[in-house]
Amino acid sequence: IQGRARQVILMSPPLIERELETAACLRLLAHRWYGDHNRALELLRLNPGLRTPENIPAGTVLKAYAQ
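Using our numbering, the letters of the sequence shown correspond one by one to residues -2 to 64.
So this is what it looks like as structure tokens:
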């Protein structure tokens, strides 16, 4: 079981930190970064400290998957 769990972890793309150039909501960011607005929940899960996911100010640094 541990071997399979390790394989799943290694399959995910690396985490990076990205700085927002303009204010945006998570759905818009997911669309800009991945071409899929449904990945907004993934961004929220990676950034649990976000207070206002509907209006994230420019200059905020968020964790995201590279792909």
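From the three backbone atoms N, C-alpha and C, an ideal C-beta is built for every residue, glycine too.
Identity of the residues DSSP links to residue i by a beta bridge
| i | result |
| --- | --- |
| Leu38 | None; Leu38 has no bridge partner. |
Close Cβ partners of residue i (< 7 Å) along its chain, the five nearest in sequence each way excluded
| i | result |
| --- | --- |
| Arg36 | Ala27 |
Backbone CA spacing between residue i and residue j [nearest angstrom]
| i | j | result |
| --- | --- | --- |
| Lys60 | Arg3 | 21 Å |
| Ile53 | Pro10 | 24 Å |
| Leu41 | Cys22 | 11 Å |
| Trp30 | Arg1 | 29 Å |
| Leu25 | Val5 | 28 Å |
| Asn44 | Glu51 | 13 Å |
8 Å Cβ shell around residue i - same chain, five flanking residues per side excluded
| i | result |
| --- | --- |
| Ala63 | Pro10, Pro11, Leu12 and Ile13 |
Complete beta strand (DSSP E) runs within the region 5 to 64 (minimum length 3 residues, chain order): 12 to 16 and 58 to 62
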